[in-house]
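Read the structure below first, then the notes.
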Amino acid sequence: MKYQHIQRIFTSPFYLNFRKHYCPDCNIELNKIEVSKIVNSSSPEAKNFDFHTFENYMIGNVKFIWTELQCDKCRRTISISEMKRIENEQKNNHEK
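Put into structure tokens, the structure is as follows:
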């Protein structure tokens with residue numbers, strides 16, 4: 005599918021880049037991978053993405069690119085928000 009614009013999504017860059025993250029299943033260090041999706045601004049899933057730029061609104065097909073974490077052993081892919089939740093649960097369970 006062709007696209008008119010590219011939008012890079014940066015989610016918690018310090019959390020992602022200055023800390024090691026481990027697979028909750030294998031306990032192996034996770035790798036950063038680039039994930040992308042093309043979304044049309046008039047599609048129902050457009051509500052999950054931000055089509056605003058500095059002074060404009062992107063119309064049409066936009067390629068969104070973001071980073072997720074992946075385990076080399078089990079191939080599990082984990083979003084940044086999911087990894088934060090998992091690590092918080094592990095921290096809370098460890099403190100008990």
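Residue numbers for the sequence shown follow this note's numbering, so the first one is 5 and each next one is one higher.
For each residue, glycine too, the CB sits at the ideal point set by N, CA and C.
Bear in mind the structure is a predicted one, so any value in this text is a computation, not a measurement.
query: Three-state class that DSSP yields for GLN94 in the structure shown; result: helix
query: Residues near THR81 in its chain [Cβ-Cβ closer than 6 Å; skip 5 each side]; result: GLU72 and GLN74
query: Contact with chain D by ASN35, beta-carbon distance below 8 Å; result: The structure shown contains no chain D; it is built from a single protein chain.
query: Unbroken beta strand (DSSP E) run spanning PHE68, endpoints; result: 65-74
query: Contact set for MET62: own chain, Cβ-Cβ below 6 Å, skip 5 residues either direction; result: HIS9 and PHE55
query: Whole-number beta carbon distance between ALA50 and VAL39, since they are thought to touch under 8 Å; result: That pair is no contact at about 18 Å.
query: Three-state secondary structure (DSSP) of ILE82; result: strand
query: Rounded separation between ILE96 and LYS41 - CA only; result: In the sequence under discussion, the amino acid at residue 96 is Asn, which differs from the Ile named in the question. Cα-Cα distance, rounded: 34 Å.
query: Residue ranges of each beta strand (DSSP E) within the region 11-66, 3 or longer; result: 35-44
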